[in-house]
Structures are given as C-alpha cells and as structure tokens.
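Residue numbers (my numbering): 1 to 412.
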Ligand SMILES: Cc1ncc(COP(=O)(O)O)c(C=O)c1O
C-alpha cells in the first residue's frame, strides 16, 4: 500500500524506517529488499534480526525509540512520516519484524501495530463488519470477546458463536462475512483446524482472522494455513516480560488492511514509541524464551498428569490431549500455558497461595511464571477450581518441584 496525505495513512509497508531522521537509510533497505536481500535461516536467526535496518556505520543495531508527535513537513504533506498518530519510525521497524516472523518471505503482507491486543482485535472486527453482516466468534475465546459481541450487535451485526474444539464453528458459517478463530483457545486450550475452517469460510466468501496470541508466530503461522488476518496480543509471550501492552494485525489483503489502518487512525489506539521499541528489543530472545517455556510447560503437564487431585488437565503438546493431533499438524511449538482443575475453589486458592516461584497474577507468556484461578473473573465457563498456569523461564526442575510442593501443601 502506498502512502498518501489524503488516504488511510502515510506509512509504506516494506520500507525500513529512517532512524534519527536519516531518510536515505530507508531507501537503501528498500533497495536491498527489492534486490532480493533476505534474512534467512531458522527461527532464532530470524528472531534476532527481524526488522533491523541494514548496518550503517555509527548507527545502533536497533535504533532507539523515536518520540515524535509531528515531523518536519514543509510543502505537500506526503509520507512516510507526517503525524505521530499515523506513523512512527519505531513502529515501522517493529511492523517489519512482526511481518517477517508471521509471514517469512511473503512480501505482500502488511503489518500494523496497536496499543493492545484488544485494540488490534477491535480494529479488524469493526473495520470489516457493517450493519446486516454476520460474524462467527468462538464461544470459548478470550473473555473480552463477549463485550465485543455486545458492541457488534449494538451496531446491527449478527453474531453467532460455537466452541473451538471439533471445528464446531463450521456448523454456523453459512452467511458469514467474517470467521474469528482463537486457537489454542484461552483458557480452555482447545484447538481447531485452521486450514479446514479457512477453506470452508472462503468457499462461503467469508474472511478469516486468527488470534495467534497463545501460539506466537514461532508456534503457528495462520497466514500460511489460509487465514486472511493474523491478530495477536503482543502483551503476552511475544514481548514476554510482563511490562508492555501491545497488539498487531498482519494481513495479506491490501483493501482490508487499508480499512484496518484507517480504523487505527480514527480510534487512535496506537502504541507508544517506548512500548514499540521494548517489544522489538524483546523479539531477539523470542525463540529462546518460547523453546524454554514450551519444554518446561510439557514437563509441568507431565508432572500434573500423575496427580490424582488434578482433573481436566490440558496442554496441546501432551500426547493424549484432545488437542494434540490437530495441534501437531499446524503448530510448531505448543505454547507455555497449561490448564487444569483442582477439586474446589478453596483448594485452588490454597495451591496458588503455596506457590513460591509462580506469581498469582493474570495474563500469560512472561518469563516469570504466573497462575490464577480463572473463575475469579466470572467471564469464562470454567469450574471454580480451574487454574491457568503460565510457565516461565525458571529452571524446569525448580518449577516442577514448586508446583508439586504447592499441591501437597494445599491438600490439608
Ligand atoms: C487470546 C487473547 N487475545 C487477546 C487478548 C487481549 O490482549 P491485550 O490484553 O493486549 O489487549 C488476550 C489477553 O489476555 C488474550 O489472551
């Protein structure tokens, strides 16, 4: 999409940002991309280099955050950088990075970053749907989705829901304009077949968006599985330190993405430059964090499987889990969240209280393990003793020991 002063924004996806006002660097990187320059290799290599500008003498590897409400703009107000709500060089680098991770080697995708995951989700739904349209949402997705549903309905959009497991959304697709998928679902960890659902939705003329928050782009690449949009909260494992709120949308349809960009401009749900820069900085360790956290999550799930007081244990990476077969087909890593149920609310509370290495906190994906009794929010259809445990980067043996000790301590 090309920038224009009167269009939907001023950024040009695929262009590297100028750093400290050096616009010539942008041209150089664009030329390199055009001449076939690519960061190759595996996930770790891609993650450490994602979105970086070409090395330039005396310039930092990852240019610092650009704090600008406006930019020098004599003459005709053309992009890429005119006003801070429309574009920012720090976003541009982060958007390139996220695009390289979500859709490696695909030049045609466009990425937009947002103030939070909910800002990104709302941007897709509210920019694509009109009064009279029908949209399909999961009924077991992130707990703010019912709020979104109520708002869509208030605008005259019909919303149908179905569970994630068993590809149940297939049954309510007829007439849909947009299918929203969240897989693995939060907090139930059900998985659906993205390729199958996307094919069915496209056959009916519907667009498909996948919330990729739990998997991260290293765990799953929805665009390659047929989705039109991949959307995520970068607040979770993507940034991974529990100190940043962020969201993003990656899409392949220029017209649809123009509408998403326009929505960001209208609503102004933009990330601060500092948050964008912190997020980009965190991407360098994404593969190490994800690999470590996924491996430990599997160990924790295996340990929990042996405990008689634990029921409803879910981890898509655990052989025998109801999600495992499809997860193995479409995921490359299975995430850092394990969920399970303890017999009573009181037992769950005592368990959380007894944990020493796991903070009682919401959210997930951070390097420090967190857990919570999900029923305390009232939004999820889960038993009172349901625990969502987010596995961090602690030593696996320490974490497993802490979880088992807390289970023992909470038995009384
Ligand atoms: C799956 C999923 N999507 C979206 C969101 C919303 O993200 P944010 O809190 O960054 O707005 C969350 C938050 O927990 C989530 O778990």
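Ideal Cβ positions, reconstructed from N, Cα and C, are used throughout, including at glycine. Model, not experiment: these values are computed from the prediction.
In this structure, residue 123 sits away from residue 208, with a CB-CB distance that is not shorter than 8 Å.
In the structure shown, the three-state DSSP call for residue 286 is helix. In terms of Cα proximity to residue 399, the closest of 302, 117, 49, 226 is 302. Counting other Cβ atoms within 10 Å of its Cβ, residue 155 stays below 16 and is therefore classed as exposed.
Pairwise C-beta distances place the segment 210-223 in contact with the segment 167-187, as three or more of them are shorter than 8 Å. Not one heavy atom of ligand 1 sits closer than 7 Å to the Cβ of residue 268. Take residue 367, set aside five residues on each side of it, and the residues of its chain with a beta-carbon closer than 7 Å to its own are 240, 241, 289, 392, 393, in chain order.
Unbroken alpha helix (DSSP H) stretches of 4 residues or longer found wholly inside the segment 187-238: 194-203, given in chain order. Non-local C-beta neighbours of residue 312 in its own chain, meaning closer than 8 Å and more than five positions away in sequence, comprise 339, 340, 341, 383, 386, ordered along the chain. Residue pairing of residue 162 in beta bridges, as defined by DSSP: 138. For residue 51, the CB contacts under 7 Å within the same chain, skipping 5 residues up- and downstream, are 93, 94, 96, 97, 100, 280 in chain order. In the DSSP assignment, residue 181 falls within the unbroken beta strand (DSSP E) covering 178-182. Counted as a single uninterrupted DSSP element, the alpha helix (DSSP H) harbouring residue 98 occupies residues 89-102. If you draw a 10 Å sphere on the C-beta of residue 67, you find fewer than 16 other C-beta atoms in it, and that means exposed. Secondary structure note for residue 153: it is in no beta strand (DSSP E), and the uninterrupted alpha helix (DSSP H) holding it is 145-154.
Counting every other CB atom within 10 Å of its CB across the protein chains shown gives residue 57 a total below 16, marking it as exposed. For residue 341, the secondary structure class from DSSP, reduced to helix, strand or coil, is strand.
Residue side-chain check: residue 117 places its Cβ nearer than 7 Å to a non-hydrogen atom of ligand 1.
For residue 216 against residue 223, the beta-carbon gap comes to about 14 Å, at or over 8 Å, which does not count as contact. Our two residues, residue 91 and residue 351, have alpha carbons roughly 41 Å apart in a direct line.
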